[in-house]
Amino acid sequence: MTHSLPLFTITSIHKPEGYVILELSLLLKDVPGAIYSASNVIKSYNGDIKWGVTHESDKPGLAWWCAFLLVKEDLVDVMIDSLRKLDVVSELNYTIHKDKIIITKHHDSIICLGGRAILFRTEWLKHIHAAVGKTWGKEGAKALAYVVGVDIGKAAHESHVGFVGDLKEELLNFLLDMMKGCGWISGGSWEKDGDKYIIRLNDLFECEVAGESHLVRGELAGYVTAIRGRDYKATEVKCRARGDEHCEFIVEPVERVL
Ligand SMILES: [Zn+2]
Numbered sequence: 003m004t005h006s007l008p009l010f011t012i013t014s015i016h017k018p019e020g021y022v023i024l025e026l027s028l029l030l031k032d033v034p035g036a037i038y039s040a041s042n043v044i045k046s047y048n049g050d051i052k053w054g055v056t057h058e059s060d061k062p063g064l065a066w067w068c069a070f071l072l073v074k075e076d077l078v079d080v081m082i083d084s085l086r087k088l089d090v091v092s093e094l095n096y097t098i099h100k101d102k103i104i105i106t107k108h109h110d111s112i113i114c115l116g117g118r119a120i121l122f123r124t125e126w127l128k129h130i131h132a133a134v135g136k137t138w139g140k141e142g143a144k145a146l147a148y149v150v151g152v153d154i155g156k157a158a159h160e161s162h163v164g165f166v167g168d169l170k171e172e173l174l175n176f177l178l179d180m181m182k183g184c185g186w187i188s189g190g191s192w193e194k195d196g197d198k199y200i201i202r203l204n205d206l207f208e209c210e211v212a213g214e215s216h217l218v219r220g221e222l223a224g225y226v227t228a229i230r231g232r233d234y235k236a237t238e239v240k241c242r243a244r245g246d247e248h249c250e251f252i253v254e255p256v257e258r259v260l
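Given below as structure tokens:
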């Protein structure tokens, strides 16, 4: 059952009177039961774990477990002391958050497939889209987004080949999975009709922001161009923003992309 994923690093947690929200980062021995031991200590002080992640550390044999939890203000010190005494705990950092919006103090960047990732809220993208349209005109902005998209598609293909191998058109499945993992779409599918590719995207962010797709349309063209080694163009023939169930793209060969 798929569902949406709240962002760990910027979040909001309801705090009852007398409680504080604690950001806790534990560098634990990377063994089964380590998180269980730590969470049992938290439970024994009536701490309530609201949101957590576990991730690799740069130290061999040790992994981070990072969580936001609710705990009574007067129990913070004793609970932290007990956690420090656990033999699975190699390092412990904690921060008490008092604001309604909680922004991590313990993480300074987001890593995805070994590279740095950044996030934009779609609200921001609406402003970027409006500003580009004002500066280059509506048609200019569409062309710019498409050209940028084609380049992104070619670059994405090269990087995906590096990660999963040159799977030819099966790479389209990886592209759709990556788009879903990055929150660009809620799902997608593709099929072939002769030389054409029909690609369907559900809940594409760009159409929510801009009312039609040019960046992702370009990306699909660039990606298929790189797979096939000849120029392809992409046309959006159905769009969620126009009331269709999903956005549908026809990606077909041309003599030149531009
Ligand atoms: Zn669309």
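Numbering (the working numbering) for the sequence shown: 3 to 260. We treat Cβ as the ideally placed atom computed from N, Cα and C, and that holds for glycine. These numbers come from a predicted model, not from an experiment.
**Asked** For the 8 Å Cβ check, are there 3 or more pairs between the region 231-238 and the region 160-167?
**Response** no
**Cross-strand partners of Gly262 (DSSP beta bridge)** = There is no way to answer for residue 262, as the model of the chain reaches only from 3 to 260.
**Message:** Any heavy atom of ligand 1 inside 7 Å of the beta-carbon of Ala147?
**Reply:** Indexing the sequence shown from 1 puts residue 147 at position 145. The answer is no for Ala147.
**Prompt:** Are Val55 and Phe10 closer than 8 Å when you measure CB to CB?
**Reply:** In the sequence shown, counting from the first residue as 1, residue 55 sits at position 53. In the sequence shown, counting from the first residue as 1, residue 10 sits at position 8. Taking 8 Å as the Cβ cut-off, Val55 and Phe10 qualify as a contacting pair.
**Asked** How big is the Cα-Cα spacing for Val134 and Lys61?
**Response** Your numbering for residue 134 matches position 132 in the sequence shown. Your numbering for residue 61 matches position 59 in the sequence shown. The alpha-carbon atoms of Val134 and Lys61 are separated by roughly 44 Å.
**Item:** Between the CA atoms of His99 and Ala40 - distance to the nearest angstrom
**Value:** As a first step, residue 40 must be located in the sequence shown, where it is residue number 38. As a first step, residue 99 must be located in the sequence shown, where it is residue number 97. Answer to the nearest angstrom: the Cα atoms are 20 Å apart.
**Inter-residue CB distance, Leu88 and Val43 (contact presumed, cutoff 8 Å)** = Stepping through the sequence shown from its first residue, residue 88 is reached at position 86. Stepping through the sequence shown from its first residue, residue 43 is reached at position 41. Indeed they touch by this definition, with Cβ atoms about 7 Å apart.
**Request:** Return the CA-CA distance between Phe207 and Leu169, expressed in angstroms with no decimal places.
**Result:** Counting from one through the sequence shown, the residue named residue 207 turns up at place 205. Counting from one through the sequence shown, the residue named residue 169 turns up at place 167. Cα to Cα, the separation comes out at about 27 Å.
**Message:** Does the structure place the region 202-220 close enough to the region 13-23 that three or more beta carbon pairs sit under 8 Å?
**Reply:** Counting Cβ pairs under 8 Å, fewer than three are found: no touch.
**Request:** Could you name the residues whose beta carbon sits closer than 6 Å to any heavy atom belonging to ligand 1, keeping them in chain order?
**Result:** Leu206, Cys209, Glu214, Ser215, Glu238, Cys241, Arg242, Ala243 and Cys249
**Request:** Kindly indicate the opening and closing residues of the alpha helix (DSSP H) around Ala119.
**Result:** Along the sequence shown, read from residue 1 onward, the residue named residue 119 stands at position 117. No alpha helix (DSSP H) holds Ala119; the beta strand (DSSP E) holding it covers Gly117 to Ala119.
**Message:** Taking the beta carbon of Ala212 as the centre, do at least 16 other beta carbons fall within 10 Å, making it buried, or is it exposed?
**Reply:** As a first step, residue 212 must be located in the sequence shown, where it is residue number 210. So Ala212 counts as buried.
**Prompt:** For Lys87, which of helix, strand or coil comes out of DSSP?
**Reply:** Counting from one through the sequence shown, the residue named residue 87 turns up at place 85. Helix, per DSSP.
**Item:** Contacting residues, own chain, Cβ-Cβ under 6 Å from Ala147 (five flanking each side not counted)
**Value:** Residue mapping note: residue 147 aligns to position 145 of the sequence shown, counting from 1. Cβ within range, chain order: His216 and Leu217.
**Prompt:** Three-state secondary structure (DSSP) at Lys198?
**Reply:** Residue mapping note: residue 198 aligns to position 196 of the sequence shown, counting from 1. DSSP, reduced to helix, strand and coil, places Lys198 within a strand of the structure shown.
**Request:** Specify the secondary structure class of Asp79 as computed by DSSP and reduced to three states.
**Result:** Position 77 of the sequence shown, counted from the first residue, corresponds to residue 79. It is helical.
**Request:** Buried or exposed for Glu221, please, with buried defined as at least 16 other CB atoms from any protein chain shown within 10 angstroms of its CB.
**Result:** What you label residue 221 is simply residue 219 of the sequence shown in a count that begins at 1. Buried, because 16 or more other Cβ atoms sit within 10 Å of the Cβ of Glu221.
**Request:** Compute every distance between the C-beta of Ile15 and the non-hydrogen atoms of ligand 2, then say whether any falls below 7 Å.
**Result:** Among the ligands in the structure shown, ligand 2 does not appear; only ligand 1 can be found there.
**Enclosing beta strand (DSSP E) for Ala243 [first to last residue]** = Along the sequence shown, read from residue 1 onward, the residue named residue 243 stands at position 241. First-last for Ala243: undefined, no H or E at that position.
**Request:** Taking only the alpha-carbon atoms, compute the straight-line gap between Ala158 and Met180 and give it to the nearest angstrom.
**Result:** As a position in the sequence shown, residue 158 is number 156, starting the count at 1. As a position in the sequence shown, residue 180 is number 178, starting the count at 1. Rounded to the nearest angstrom, the two C-alpha atoms are 10 Å apart.
**Prompt:** What residue from Glu75, Leu64 and Phe70 has the CA that sits closest to Val90's CA?
**Reply:** The sequence position of residue 90 within the sequence shown is 88, counting from 1. Nearest of Glu75, Leu64 and Phe70 to Val90, Cα basis: Leu64.
**Message:** I need the boundaries of the beta strand (DSSP E) containing Asp50, first residue and last residue.
**Reply:** Translated into positions along the sequence shown, residue 50 becomes position 48. Residues Asp50 to Glu58.
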